[in-house]
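Chains A and B, in that order, give the protein sequences.
Heads up, the first sequence stops at 896 in the numbering used here, and the numbers go up one at a time, no gaps.
Heads up, the second sequence stops at 340 in the numbering used here, and the numbers go up one at a time, no gaps.
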Amino acid sequence: MTSSPPSQQSLQDKIADLERRLRDAKAQLNQHHGVAPPHTTDNGAALHALLLLSDSALPLGSFAFSSGLESYLAHHKLSPPSASQLPLFNTFLRLSLSTLASTALPYVLAGYRNPEEIETLDNDFDASTPCTVARRASIAQGRALLAVWDRSFKTQYKSALGNADAPEGKQAAIDALTAFSAALRTSPHANAHYAPLWGLITRILAVPLHEAAYLFLFSHARTVMSAAVRASVMGPYQAQALLASAELQDRIRGLVDEGWQRKVEDAGQSVPVMDLWVGRHEKLYSRIFNS
Amino acid sequence: MSFTSPFAKSTSKPGHGSIIVEILPPNTPVLKTVSYQYPLKLIAPDPLPPPNYSGETDTPRLIHIVFLLTYGGGIVAGDSIDLDVHLDHKTRLLLLTQGSTKIFKTDDPQVVSHQRMNVHLKHGAALMYLPDPVQPFAHTAFSQSQIYHLDQGQGSLCVCDWVTSGRSARGENWDIYEYKSRNEVWTTEASGKKRLLLRDNLILDKHGRTDMRLSSRMDRFSVFGTLIVRGPVFASLAKFFLDEFEALPRIGGRNWGDAVQAEPSSKEQRRTERQSRETKDGVVWSAANVRDFVLVKFASMEVEGSRNWLRAMIQEEGSVLDAFGERALLCLK
């Protein structure tokens with residue numbers, strides 16, 4: 606993102622200051638009325654985990670891939686070439702989200718619901734990924750997520766187990782993940798794909814499933830937008846506006862609802878031409894993203 | 008007065024069919040079973056030896072061929088077809104159709120027609136399934152699955168699954184209720200455990216929250232297809248697809264004229280001709296090497312574009328025609 610002009614910066618500071626004062630004033634008022642702040646202990650941990658996972662650096666390594674956007678743009682030459690690519694991008698984002706929801710979301714849900722099946726889910730997801738480009742991207746991000754868990758989250762979330770309010774099945778999920786990490790080093794069939802691991806790790810972090818699924822799709826939308834900004838399709842403010850739009854919210858919520866009951870066996874490609882765009886990325890003459 | 012038929016009771020159910028190819032010792036492949044029930048129909052012409060058959064022990068003496076047909080030339084709403092195919096070790100089967108599989112209109116989008124095929128291949132067996140495309144008419148709901156079972160990952164496959172946008176002459180352009188096609192390859196490991204090797208599942212329905220009609224989701228293409236290639240019998244074909252994909256001209260590349268143009272070989276000339284026809288026909292394709300498969304995806308504006316391209320590729324490479332004969336390309340004529 607480019608830096609904002611100073612006047613805007615000072616405005617933002619002012620807003621932040623005003624908001625803080627409003628909060629303080631409200632808190633004082635509440636104290637006067639004897640109203641306790643909302644009880645958030647059981648939700649607080651989940652919220653914290655959700656914020657951790659919504660870091661724009663995640664999925665780690667996603668910045669290197671464009672999820673087919675670059676190839677899509679190369680397959681759709683505009684005339685005149687100076688015309689805005691924004692309408693094209695809007696179409697692509699819809700198709701890309703639809704594809705992700707039909708192919709990967711079932712694996713997120715299954716990874717969350719059935720941690721003990723992580724090895725099968727990983728194998729089946731690998732078997733269902735038809736092109737090398739998408740496969741490389743998914744594995745790179747999955748391995749990065751495992752590394753983040755291993756080096757950053759593990760200490761905290763393993764030790765929190767002793768608490769009485771540790772969610773049911775969490776130990777089993779951690780065991781499944783530990784076993785999978787071990788299998789990754791020995792088994793030739795283990796790959797570490799992103800989607801099932803995302804489900805499993807959000808389960809361990811006790812993020813509610815609906816939020817985990819929503820964030821999975823949201824992060825993808827943000828990744829594609831970030832790629833669009835770097836490919837000069839639009840500016841950073843425009844990207845934020847699209848991310849904030851009610852249309853995107855509706856779409857993601859709708860996709861989560863639609864896919865809620867879908868089994869992994871029924872995961873599949875809903876936009877067949879997407880496979881071609883992603884697969885032909887390596888045929889581009891010039892590329893700014895990895896294939 | 009009750010009457011007991013002297014004949015054995017028929018065990019076949021509507022739409023069920025079975026094809027079993029076995030080896031009659033020492034080395035003669037025979038079509039042990041070809042059975043079918045309305046609305047499915049199977050036709051098995053005489054098997055032919057492969058061209059240039061020299062009596063080597065590695066290649067079977069006869070190539071069997073079976074045509075999958077349906078009465079009326081298509082699948083009527085609510086029809087259900089189940090086909091089981093068993094290939095013994097070192098047998099070869101060519102599965103074809105006689106014209107596109109038409110899917111007829113359903114009044115109720117909930118009534119989905121089905122076609123399921125289960126193929127079991129033993130070690131050294133090879134299946135070539137190169138049918139005409141499925142052609143779902145407007146207002147149809149169809150779901151098909153092709154499941155291939157390999158024994159410890161052995162066996163050779165070259166199977167194609169393609170679908171068109173409907174009757175384009177009548178202006179149909181993906182005006183279907185839903186279309187699903189599933190291709191899966193499973194292996195049974197020595198321990199008896201089953202493992203998924205490949206799943207290629209296409210789902211065209213109203214879901215996806217795209218707010219777009221199916222026709223716009225398909226980006227002007229009216230044919231989509233997948234070719235799955237695996238195993239020693241088709242290794243040369245698989246490599247050919249990968250090499251030709253590698254040799255495709257770069258998208259957005261230009262000829263700056265600074266590279267010395269050598270006199271093109273005849274192979275390069277044919278390649279250039281084919282590539283210019285691909286461009287003219289609007290054929291777009293990719294090939295990927297995944298999990299010991301070569302997976303080819305293709306799309307084109309018209310059926311003939313894909314048909315010509317696929318035929319040209321298989322003909323140019325040649326090894327399939329040597330192993331299965333010219334009849335392998337009957338559906339691509």
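Glycine is no exception: its CB is placed at the ideal position from the N, C-alpha and C atoms.
Counting only beta-carbon separations shorter than 9 angstroms, does residue i have a partner in chain A?
i: Thr342 of chain B; result: As shown, chain B starts at 8 and ends at 340. That puts residue 342 of chain B outside it, with no answer to give.
i: Ile348 of chain B; result: Outside the shown range of chain B (8 to 340) lies residue 348 of chain B, about which nothing can therefore be said.
i: Gly259 of chain B; result: yes
i: Lys246 of chain B; result: no
i: Asp218 of chain B; result: yes
i: Asp207 of chain B; result: yes
i: Gly162 of chain B; result: no
i: Asp212 of chain B; result: yes
i: Asp168 of chain B; result: no
i: Arg189 of chain B; result: yes
i: Arg174 of chain B; result: no
i: Asp226 of chain B; result: yes
i: Leu255 of chain B; result: yes
i: Gly24 of chain B; result: no
i: Gly238 of chain B; result: no
Helix, strand or coil for residue i? Go by DSSP, reduced to three states.
i: Leu810 of chain A; result: coil
i: Gly81 of chain B; result: strand
i: Pro140 of chain B; result: coil
i: Phe14 of chain B; result: coil
i: Met879 of chain A; result: helix
i: Asp53 of chain B; result: coil
i: Tyr155 of chain B; result: strand
i: Val834 of chain A; result: helix
i: Asp378 of chain B; result: The requested residue 378 of chain B is not part of the displayed model; chain B covers only 8 to 340.
i: Glu309 of chain B; result: coil
i: Trp865 of chain A; result: coil
i: Gln874 of chain A; result: strand
i: Pro711 of chain A; result: helix
i: Ala641 of chain A; result: The pLDDT assigned to Ala641 of chain A is 46, lower than 50, so where the model puts this residue is not dependable; a value taken from the coordinates is nonetheless given after this. If DSSP states are grouped into helix, strand and coil, Ala641 of chain A belongs with coil.
i: Gly884 of chain A; result: helix
i: His681 of chain A; result: coil
i: Pro841 of chain A; result: helix
i: Arg237 of chain B; result: strand
Excluding five sequence neighbours on each side, which residues of the same chain lie with their C-beta closer than 6 angstroms to the C-beta of residue i?
i: Asn895 of chain A; result: Ala669, Phe670
i: Arg189 of chain B; result: Ser152, Asn208
i: Leu75 of chain B; result: Thr104
i: Ser608 of chain A; result: Confidence is the limiting factor: at Ser608 of chain A the pLDDT is only 44, short of 50, which leaves the residue's position unreliable, though a coordinate-based value still follows. No residues qualify anywhere along the chain.
i: Ala254 of chain B; result: none
Who are the Cβ neighbours of residue i in its own chain at under 7 angstroms, not counting the five residues just before and after it?
i: Val640 of chain A; result: For Val640 of chain A, the predicted model reports a pLDDT of 46, less than 50, meaning its position is unreliable and no value from the coordinates is stated.
i: Ala197 of chain B; result: Gln159
i: Leu691 of chain A; result: Val838, Met839
i: Arg808 of chain A; result: Tyr717, Pro720, Ala778
i: Glu179 of chain B; result: Phe144, Ala145, Ser172, Gly173
i: Ser78 of chain B; result: What sits at residue 78 of chain B in the sequence shown is Tyr, not Ser. Contacts found: Tyr45, Pro46, Lys48.
i: Lys97 of chain B; result: Ile30, Pro67, Gly131, Ala132
Would you list the one or two residues that DSSP bridges to residue i?
i: Gly24 of chain B; result: B:Tyr43, B:Leu90
i: Gly162 of chain B; result: Gly162 of chain B is not bridged to any residue.
i: Lys213 of chain B; result: None, per the DSSP bridge assignment.
i: Met135 of chain B; result: B:Leu101, B:Cys165
i: Ile72 of chain B; result: B:Leu101
i: Arg189 of chain B; result: B:Ser152, B:Asn208
i: His127 of chain B; result: B:His93, B:His156
Are the C-beta atoms of residue i and some chain B residue less than 9 angstroms apart?
i: Asn728 of chain A; result: yes
i: Lys868 of chain A; result: no
i: Pro686 of chain A; result: no
i: His680 of chain A; result: yes
i: Ala872 of chain A; result: yes
i: Tyr819 of chain A; result: no
i: Gly673 of chain A; result: no
i: Asp731 of chain A; result: yes
i: Ala641 of chain A; result: Any reading at Ala641 of chain A must be qualified, since the residue scores a pLDDT of 46, below 50, and its modelled position is unreliable; the value itself is stated next. No - not a single Cβ of chain B is within 9 angstroms of the one on Ala641 of chain A.
i: Thr807 of chain A; result: no
Can you list, in chain order, the residues of its chain with a C-beta nearer than 8 angstroms to that of residue i? Leave out the 5 residues immediately preceding and following it.
i: Gly571 of chain A; result: The requested residue 571 of chain A is not part of the displayed model; chain A covers only 606 to 896.
i: Thr40 of chain B; result: Ser25, Ile26, Ile27
i: Arg277 of chain B; result: Glu323
Verify the contact flag: residue i, CB atom, against every heavy atom of the ligand ZN, threshold strictly below 8 angstroms.
i: Pro692 of chain A; result: In the structure shown, the ligand ZN is absent, as is every other ligand, since no ligand is present at all.
Q | Contact list for the region 783-804 of chain A against chain B, Cβ threshold 8 angstroms | A | Those would be His794, in chain order.
Q: Mind checking the region 282-298 of chain B against chain A and listing, in chain order, the residues whose C-beta falls within less than 9 angstroms of any C-beta there?
A: Val291, Trp292, Ser293, Ala294, Ala295, Asn296, Val297, Arg298
Q: Residues of the region 302-323 of chain B with a CB closer than 9 angstroms to any CB of chain A: list them in chain order, please.
A: Leu302, Lys304, Phe305, Ala306
Q) Closer than 7 angstroms, Cβ to any Cβ of chain B: which residues of the region 883-895 of chain A, in chain order? A) Gly884, Arg885, Lys888, Leu889, Tyr890, Ser891
Q) At a Cβ cut of 7 angstroms, what residues of the region 190-204 of chain B count as close to chain A, listed as they run along the chain? A) Arg202, Leu203, Leu204
(Q) Output needed in chain order: residues of the region 697-723 of chain A with a Cβ under 9 angstroms from some Cβ in chain B. (A) Arg699, Leu700, Leu702, Ser703, Thr704, Ala706, Ser707, Thr708
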